[in-house]
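Residue numbers (UniProt numbering): 1 to 330. Just so it is clear, CB atoms sit at the ideal spot from N, CA and C, and this is done for glycine as well.
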Amino acid sequence: MLQRQSRYISLIALIIVVAVLHLTTTSSRTYKANTIPSDPTLASRLERSERTYRTVVQKRHDLVRKYGPSPSQIIMFPPDQDPWPAYTVWDYFPAAFNCPHELERIGNLGDGGKWTCGLSRIARKDHCIIYSFGMDWESSWEAAVLESTKHCQIWGYDHATRSFGRQVSHALFNSQQRTHFASRVQLGPINKHARSDEPKLYTLAHLMDANAHDYVDIVKIDVEGYEFDTLRSMVQSYVESGEPLPFGQLQVELHMWSVKFADFLALWELMEAAGLRPVMLEPNLVYVNYNRASGAELVEYTFLNIKGDNPFIKDDPSVGVLEEQPFGKG
């Protein structure tokens, strides 16, 4: 009797073990099948993002053919009437490239803050250079970047205001030679700054030469419509020469006032050819709220430059990054 019970107990135990092993193996197989493969290195993360981005580019071509079929026939913001095409211009240009680092909104919530990719990559960099064009007294992003990095210097330019906004402590950062400001300066596609010229236009190349800079980590642009001609002029020569753009990240607000889709598409494809990839977009909902009849004509984009050797796409063992501690600590 005891021997028979012992065999039953052993059989039940065996069944339980087999069942547990089966469930564990099945669960493991299912988990692995549904898990996105890890990208342990920066190079592999960038490669994966580029493959994904190229798929989105093809979808853009398909969408143009569907609603065009040529770019000149695409309406930027279709009216709410039959036939009802379910898109706006921004659906053709999603931020489809994954930032390979942390993606944070730096500065104020609402107006002034900017989505920034990988601030940790320049947080301890010895020669960190940032250009900011157009602030209108709002400098919460600049102030947060200064507080979150050890050596970054910011060159600010505006055609109307005379200084950074109140968020930047001039006494502190000027004493450390980390802020520089020039008024009556408008970033533009050409140099046009004679005494009688208003606004006075300066190209990015001209300003970099004047400051003895051959590379800028982040360029931030809000120039109220001048950005289209400026960007076209800025990237054209680099596309033709094959040289990488002289900056690692671009943050720009696009103003779609009287812009045609075909012209915008041509500019966007030129920027893509130069190596710029959008990692984030944010419609300016403050503008939408106060101009409800106009639609979402203003959008903030953050672009990563995937060409060259900038710190956002290449590891530099000599540069420490803040991984385990908050920005600005240590």
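Starting from residue i and walking both ways along the beta strand (DSSP E), at which residues does that stretch end?
{"i": "residue 114", "result": "114-117"}
{"i": "residue 182", "result": "179-183"}
{"i": "residue 247", "result": "247-255"}
{"i": "residue 352", "result": "Summary: the structure shown does not reach residue 352, with the chain confined to residues 1 through 330, and so no result is reported for it."}
{"i": "residue 157", "result": "153-158"}
{"i": "residue 105", "result": "103-106"}
Grab me the residues of residue i's own chain with a C-beta within less than 7 Å of its C-beta, minus the 5 sequence neighbours each way, in chain order.
{"i": "residue 267", "result": "228, 231 and 232"}
{"i": "residue 102", "result": "118 and 120"}
{"i": "residue 25", "result": "Summary for residue 25: the model assigns pLDDT 49, below 50, so the residue's position carries little reliability, and this model does not support an answer."}
{"i": "residue 34", "result": "Confidence at residue 34 is low in this model, with a pLDDT of 37, below 50, so its placement is unreliable and the value that follows should be read with caution. Taken in chain order, the list of residues that qualify is empty."}
{"i": "residue 150", "result": "123 and 124"}
{"i": "residue 199", "result": "159 and 186"}
{"i": "residue 194", "result": "none"}
{"i": "residue 183", "result": "158, 161 and 162"}
{"i": "residue 211", "result": "155"}
Taking 8 Å as the limit between beta carbons, can you name the residues of its chain near residue i, skipping five residues before and five after?
{"i": "residue 236", "result": "270"}
{"i": "residue 197", "result": "none"}
{"i": "residue 28", "result": "Here residue 28 scores only 42 on pLDDT, less than 50, and its place in the model should not be relied on; the value that follows carries that caveat. Around residue 28: no qualifying Cβ."}
{"i": "residue 190", "result": "201, 203 and 233"}
{"i": "residue 46", "result": "100, 306 and 313"}
{"i": "residue 275", "result": "244, 245, 305, 306, 307 and 308"}
{"i": "residue 224", "result": "134 and 255"}
{"i": "residue 153", "result": "128, 129, 130, 177, 178, 179 and 180"}
Which whole-angstrom value is the C-beta distance of residue i and residue j, which I expect to be below 8 Å?
{"i": "residue 117", "j": "residue 279", "result": "5 Å"}
{"i": "residue 71", "j": "residue 207", "result": "Incorrect: roughly 33 Å between the Cβ atoms, too far for contact."}
{"i": "residue 185", "j": "residue 159", "result": "6 Å"}
{"i": "residue 287", "j": "residue 246", "result": "Going by Cβ atoms, the distance from residue 287 to residue 246 rounds to 30 Å, so no, they are not a contact pair."}
{"i": "residue 188", "j": "residue 226", "result": "6 Å"}
Please confirm whether residue i and residue j have their CB atoms less than 8 Å apart.
{"i": "residue 272", "j": "residue 284", "result": "no"}
{"i": "residue 392", "j": "residue 122", "result": "Residue 392 is absent from the model: the chain starts at 1 and stops at 330."}
{"i": "residue 256", "j": "residue 64", "result": "no"}
{"i": "residue 218", "j": "residue 251", "result": "yes"}
{"i": "residue 249", "j": "residue 201", "result": "no"}
{"i": "residue 209", "j": "residue 253", "result": "no"}
{"i": "residue 93", "j": "residue 295", "result": "no"}
{"i": "residue 135", "j": "residue 107", "result": "no"}
{"i": "residue 42", "j": "residue 315", "result": "yes"}
Please classify residue i as buried or exposed, where buried requires at least 16 other C-beta atoms within 10 Å of its C-beta.
{"i": "residue 132", "result": "buried"}
{"i": "residue 148", "result": "buried"}
{"i": "residue 98", "result": "buried"}
{"i": "residue 114", "result": "buried"}
{"i": "residue 86", "result": "exposed"}
{"i": "residue 258", "result": "exposed"}
{"i": "residue 298", "result": "buried"}
{"i": "residue 238", "result": "buried"}
{"i": "residue 142", "result": "buried"}
{"i": "residue 242", "result": "exposed"}
{"i": "residue 112", "result": "buried"}
{"i": "residue 277", "result": "buried"}
{"i": "residue 81", "result": "exposed"}
{"i": "residue 104", "result": "buried"}
{"i": "residue 110", "result": "exposed"}
{"i": "residue 66", "result": "exposed"}
{"i": "residue 58", "result": "exposed"}
Which two residues bound the contiguous alpha helix (DSSP H) that contains residue i?
{"i": "residue 137", "result": "It is not in any alpha helix (DSSP H) - residue 137 carries neither H nor E in the DSSP assignment."}
{"i": "residue 288", "result": "285-290"}
{"i": "residue 231", "result": "227-241"}
{"i": "residue 216", "result": "Residue 216 -> not in any alpha helix (DSSP H); beta strand (DSSP E) instead, spanning 216-221."}
{"i": "residue 49", "result": "42-67"}
{"i": "residue 204", "result": "204-210"}
{"i": "residue 266", "result": "261-273"}
If you drop the 5 nearest sequence neighbours on each side, which residues of the same chain put their C-beta closer than 6 Å to that of residue i?
{"i": "residue 96", "result": "53 and 56"}
{"i": "residue 155", "result": "131 and 180"}
{"i": "residue 68", "result": "74"}
{"i": "residue 163", "result": "181"}
{"i": "residue 173", "result": "146 and 179"}
{"i": "residue 60", "result": "92"}
{"i": "residue 192", "result": "201"}
{"i": "residue 167", "result": "139, 140 and 143"}
{"i": "residue 281", "result": "95, 299 and 301"}
{"i": "residue 220", "result": "132 and 251"}
Comparing the C-beta of residue i with each C-beta of chain B, is any distance below 8 Å?
{"i": "residue 142", "result": "Annotation note: the requested chain B is absent from the structure, which comprises a single protein chain."}
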